[in-house]
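Notes for the one structure printed next.
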Amino acid sequence: MDVKKHLRIIIVDDHEVVRLGLRALLDRHPDFTVVDEAGTAKEAIQKVEAHRPEVVVMDIRLPGGSGIDACREITQRLPGTKVIMLTSYAEDEMLFEAIAAGAAGYVLKQIGGDDLVRAIEAVGRGEALLDPALTQRVFERVREAQRKDEKSAFSDLTEQEVRVLALLAEGKTNREIAQMLYLGEGTARNYVSSILGKLGLANRAEAAAYAVQHKLKTFQSEL
Numbered sequence: 003m004d005v006k007k008h009l010r011i012i013i014v015d016d017h018e019v020v021r022l023g024l025r026a027l028l029d030r031h032p033d034f035t036v037v038d039e040a041g042t043a044k045e046a047i048q049k050v051e052a053h054r055p056e057v058v059v060m061d062i063r064l065p066g067g068s069g070i071d072a073c074r075e076i077t078q079r080l081p082g083t084k085v086i087m088l089t090s091y092a093e094d095e096m097l098f099e100a101i102a103a104g105a106a107g108y109v110l111k112q113i114g115g116d117d118l119v120r121a122i123e124a125v126g127r128g129e130a131l132l133d134p135a136l137t138q139r140v141f142e143r144v145r146e147a148q149r150k151d152e153k154s155a156f157s158d159l160t161e162q163e164v165r166v167l168a169l170l171a172e173g174k175t176n177r178e179i180a181q182m183l184y185l186g187e188g189t190a191r192n193y194v195s196s197i198l199g200k201l202g203l204a205n206r207a208e209a210a211a212y213a214v215q216h217k218l219k220t221f222q223s224e225l
């Protein structure tokens, strides 16, 4: 039988009214205890070190340093403390900065009370959580990064070398590549050697695998 873990929480927000509202909401939960509050980044770090709570609910914008900076310092000093970043704005850069800083959750302040409680429970269980409204942004950024990586994988090659690599990946011999691209066989062989050198690969098999791994066909279609 699962035993619920009692969670000690610190609320960090520079608006007292917001802190009071969050405390009133969280204190109603039988497995939550709000052990303290803070209004600045510096105060947050001090109080987290003093209480060592399981969860910190922290506004992303704070006086005297951002919530992201405080999150980074807290997660470095106390890896067992999980930080949920709370923000009014769905800003891409802040979202990714918060994730990089070690935030376990990132939710918008428009979130409902029950959803916030569930978010805190999830983070307390060791899960990572992202506001549903922001999930698509993360996937889009990841896909964009993948596309850039794929393009950069062939950035050192000339267009002709890309054509040669594509044929090599299909298992064509130097003679076949030469015939298909109207080259001399020696020229085709030189292109293959150049490709291996530029990509730091040892042989044709590695080059073929590299082309597949980095989606050469997709790259060619975008040229």
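Count the sequence shown with the numbering used here and you get residues 3 to 225, in order.
Idealized CB from N, CA, C, for every residue including glycine.
Taking all protein chains shown into account, do 16 or more other C-beta atoms lie within 10 angstroms of the C-beta of residue i, making it buried, or fewer, making it exposed?
i, result
"proline 81", "exposed"
"serine 154", "exposed"
"threonine 89", "buried"
"aspartate 15", "buried"
"serine 68", "buried"
"tyrosine 108", "buried"
"threonine 160", "exposed"
"arginine 127", "exposed"
"valine 19", "exposed"
Can you tell me which of the three DSSP states residue i falls into?
i, result
"alanine 168", "helix"
"phenylalanine 141", "Low local confidence applies: a pLDDT of 49 at phenylalanine 141 is under 50, so the model's placement there is unreliable, and no value is given."
"arginine 10", "strand"
"isoleucine 62", "coil"
"isoleucine 86", "strand"
"glutamate 18", "helix"
"phenylalanine 98", "helix"
"glycine 107", "strand"
"glutamate 56", "coil"
"alanine 209", "helix"
"glutamine 48", "helix"
"aspartate 158", "coil"
"glutamate 178", "helix"
"glutamate 39", "strand"
"leucine 24", "helix"
State the CB to CB distance for the pair residue i and residue j, rounded to an integer number of angstroms; the pair is presumed to be in contact (CB under 8 Å).
i, j, result
"leucine 183", "valine 166", "7 Å"
"valine 85", "cysteine 73", "5 Å"
"valine 125", "alanine 106", "5 Å"
Which residue from the options puts its Cα closest to that of residue i?
i, options, result
"valine 37", "Gln215, Thr83, Arg10", "Arg10"
"alanine 46", "Asp29, Val19, Thr77, Ile122", "Thr77"
"threonine 35", "Gly41, Val57, Val20", "Val57"
"glutamine 48", "Arg25, Ile70, Arg79, Glu18", "Arg79"
Can residue i and residue j be called in contact, C-beta distance under 7 Å?
i, j, result
"glutamate 187", "asparagine 205", "no"
"leucine 131", "alanine 121", "yes"
"alanine 207", "alanine 171", "no"
"aspartate 158", "lysine 200", "yes"
"leucine 27", "glycine 115", "yes"
"methionine 87", "isoleucine 113", "no"
"isoleucine 12", "valine 50", "yes"
"threonine 42", "glycine 23", "no"
"aspartate 29", "histidine 8", "no"
Check whether the Cβ of residue i lies closer than 7 Å to any Cβ atom in chain D.
i, result
"aspartate 38", "In summary, chain D is missing from the structure at hand, where a single protein chain is found."
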